[in-house]
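For the record, in the sequence shown the residue sitting at position 76 is 140 according to the numbering used here, with numbers rising by one throughout. Backbone N, C-alpha and C define an ideal beta-carbon position, used for all residues, glycine too. Since the structure is predicted, the reported quantities are computational estimates derived from the model, not experimental observations.
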Amino acid sequence: MKAKFMKRLAVLAVAMGSLISAPSWSEDFKGFPGGANSALGTHFDTTTPFYTNNVNAYVKIGRVANTPTTYLRNWNRIALDATGLDHTPVAPGDTRVFGEQFGPTRSGRAMAIVHIAIFDALNAIDNRYQNYTGIQPVRKNTSRRAAIAQAAHDTLIALFPSQVKTFDTQLAFDLDQIPNGKQKARGIALGKLAASSILALRSNDQSAIPEPVIGVDFIPNPAPGFWNQDPISLVPLAVGANWNQVTPFVLKTGDQFRLPPPPALNSAEYAEAYNEVKTLGGDGTNTPTTRTQDQTVAGIFWAYDGTPSLCAPPRLYNQVALKVASVMHTNNALKLARLLALVNTSMADAGIAAWDSKFFYQLWRPVGGIRGGELDGNPNTQGDVNFSPLGGPSSNIIGVNFTPPFPAYPSGHATFGGSLFQMLRNFYGTDYIRFSFTSDEFNGQTRDNLGNVRPIVTRNYNTLSQAEEENGQSRIYLGVHWAYDKTRGITLGNTIANYVYGQVFKPLTSRNYDNYDDSDFDG
Numbered sequence: 065m066k067a068k069f070m071k072r073l074a075v076l077a078v079a080m081g082s083l084i085s086a087p088s089w090s091e092d093f094k095g096f097p098g099g100a101n102s103a104l105g106t107h108f109d110t111t112t113p114f115y116t117n118n119v120n121a122y123v124k125i126g127r128v129a130n131t132p133t134t135y136l137r138n139w140n141r142i143a144l145d146a147t148g149l150d151h152t153p154v155a156p157g158d159t160r161v162f163g164e165q166f167g168p169t170r171s172g173r174a175m176a177i178v179h180i181a182i183f184d185a186l187n188a189i190d191n192r193y194q195n196y197t198g199i200q201p202v203r204k205n206t207s208r209r210a211a212i213a214q215a216a217h218d219t220l221i222a223l224f225p226s227q228v229k230t231f232d233t234q235l236a237f238d239l240d241q242i243p244n245g246k247q248k249a250r251g252i253a254l255g256k257l258a259a260s261s262i263l264a265l266r267s268n269d270q271s272a273i274p275e276p277v278i279g280v281d282f283i284p285n286p287a288p289g290f291w292n293q294d295p296i297s298l299v300p301l302a303v304g305a306n307w308n309q310v311t312p313f314v315l316k317t318g319d320q321f322r323l324p325p326p327p328a329l330n331s332a333e334y335a336e337a338y339n340e341v342k343t344l345g346g347d348g349t350n351t352p353t354t355r356t357q358d359q360t361v362a363g364i365f366w367a368y369d370g371t372p373s374l375c376a377p378p379r380l381y382n383q384v385a386l387k388v389a390s391v392m393h394t395n396n397a398l399k400l401a402r403l404l405a406l407v408n409t410s411m412a413d414a415g416i417a418a419w420d421s422k423f424f425y426q427l428w429r430p431v432g433g434i435r436g437g438e439l440d441g442n443p444n445t446q447g448d449v450n451f452s453p454l455g456g457p458s459s460n461i462i463g464v465n466f467t468p469p470f471p472a473y474p475s476g477h478a479t480f481g482g483s484l485f486q487m488l489r490n491f492y493g494t495d496y497i498r499f500s501f502t503s504d505e506f507n508g509q510t511r512d513n514l515g516n517v518r519p520i521v522t523r524n525y526n527t528l529s530q531a532e533e534e535n536g537q538s539r540i541y542l543g544v545h546w547a548y549d550k551t552r553g554i555t556l557g558n559t560i561a562n563y564v565y566g567q568v569f570k571p572l573t574s575r576n577y578d579n580y581d582d583s584d585f586d587g
């Protein structure tokens, strides 16, 4: 462990030096300055702003209760709202850039950076766990609130530079509530150090490589079984095709846990999965379905498919993590910061690992597989050249429902979710946690692609495994994944969570830190 710690310090020193002499990574990746259509294609109307009537489509700022834990929860919400706004088309006259952290893998990486900075800042005050960046412990009488706010702010302005005014305003609100003095100054300095340290470590991690355009930068294999552009939405990108090149946060390499090949097209397992999604996943209009109304709701409930205000799966799973933390009365700021650092770091690496397998195997999606079913060589599959899945919901935007623009195997949702729920099991030591959750897909404000406001829907779970399974199965209800995408994705996510939990943010002693005093030191 000492060798690994010294290696991190060496990497940090090199990275900090490179920041002085060269532009930072945030200056290399610009999102989509041409607007949402350059990422989504022409089958989505980005000029009719359903999202302007949606309170989730902007980042809400203001004063919050004056405790470290409240500051932490609020900055997590601000980060999540920023990812939702980042996936929202830019209104005329707005200087914001669409998609600065576009898609599930980039948004997952962003959340990990934010929460590593917050955790390392808090932990430097109490020095109870291994830190990530190598920053040294500081004096106890350092303002936790100032450290949280500054660390979150400084990472977010690097990740979402076109939203800087929002983050500046919230930071001003937060710091204004803290009495001036040495404790506050030390907290601000600590937050700045934690943020600059993790940003330096990630400065040359290959995440700035642009998303490839299908047919230009990414040439699909035309043979049966291989992924190609969604024939319905025609989204032009192969999102995450280069993400296997990104340096993991904890894993040794992106292919460390690469999955075995998916079932052969002529196998019984393939036929079983084929017929399941063909039966359950149709849109119910062009393609018949046996899916129940509850299954349809479940499919949409877990979606968060990169649409306006909703963002991608990492936003969803942060919301779930905080709900579980509330149920489990995780009110200590450092303990909650550690949970969020573990969850988000694990999910960031889960994204790298899942997309490594996705683009290594390039397995076709159900829309491609069923439309090309007569070419798969399997006597137990019957093709349908007009198969139309229910699809990922075009929430808060006028457009067709769609199949996500990357290969099927494994499911990103299942892998991210497997990472989340296994990390929660590791953290709390049990699977038997009952919780209820209201998805932003059904919050009484989000609209479907016809402009209809969806009702409020809350779903109840008796165990983490029950939620984990429904999350994975939801993708089959939408008709965008095969059964083994789910099962092997969950396994991959579980494996990564176990590995991350055993490597980082570990207690320095066996002492129980659950109930120590984390009141702020502000004089």
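- Rounded to the nearest whole angstrom, the CA to CA distance from G99 to R379 is 22 Å.
- Here the C-alpha atom of A146 lies approximately 21 Å from the C-alpha atom of G456.
- Distance check between A397 and each of V202, V161, R208 places R208 closest, using alpha-carbon atoms only.
- For the options I212, A213, L186, A210, the alpha carbon positioned closest to that of Q200 is the one of L186.
- Restricting attention to A478, I434, S529, the CA atom closest to the CA of L488 is found in S529.
- Taking every protein chain shown into account, the CB of L556 has 16 or more other CB atoms within 10 angstroms, so this residue is buried.
- For D504, no alpha helix (DSSP H) encloses it; the enclosing beta strand (DSSP E) starts and ends at 499 to 507.
- In the three-state DSSP reduction, N292 falls in the coil class, being neither helix nor strand.
- DSSP places D269 in the coil class of the three-state scheme, outside both helix and strand.
- Between the region 177 to 192 and the region 208 to 218, the count of C-beta pairs closer than 8 Å reaches three or more; the two stretches touch.
- Residue ranges of uninterrupted alpha helix (DSSP H) with 4 or more members, entirely inside the region 307 to 391 and ordered along the chain, are 332 to 344, 357 to 365, 377 to 391.
- Shortest Cα-Cα distance from L329 to any of N339, V161, Q320 involves N339.
- With a cutoff of 8 Å on beta-carbon distance, F224 and D158 are scored as not near each other.
- By the CB criterion at 8 Å, A547 and I554 fall outside the cutoff.
- In the three-state scheme derived from DSSP, where H, G and I count as helix and E and B as strand, L427 is classed as strand.
- Each residue's CA atom was taken as its position, placing R203 and P571 some 19 Å apart.
- The closest CA to that of S267, considering only K229, R173, G245, is found on R173.
- Around the CB of G126, fewer than 16 other CB atoms lie within 10 Å, so the residue is classed as exposed.
- Take the alpha-carbon of R498 and the one of A414: they are about 25 Å apart.
- The secondary-structure analysis by DSSP pairs D109 across a beta bridge with I462.
- Residues I177, I180, A181, D184, Y196, T197, T219 of the same chain have their beta carbon placed closer than 8 Å to that of I262, with the five preceding and five following residues left out of the count.
- In this structure, H477 is the residue among P156, A337, H477, G245 with its C-alpha nearest to the C-alpha of P468.
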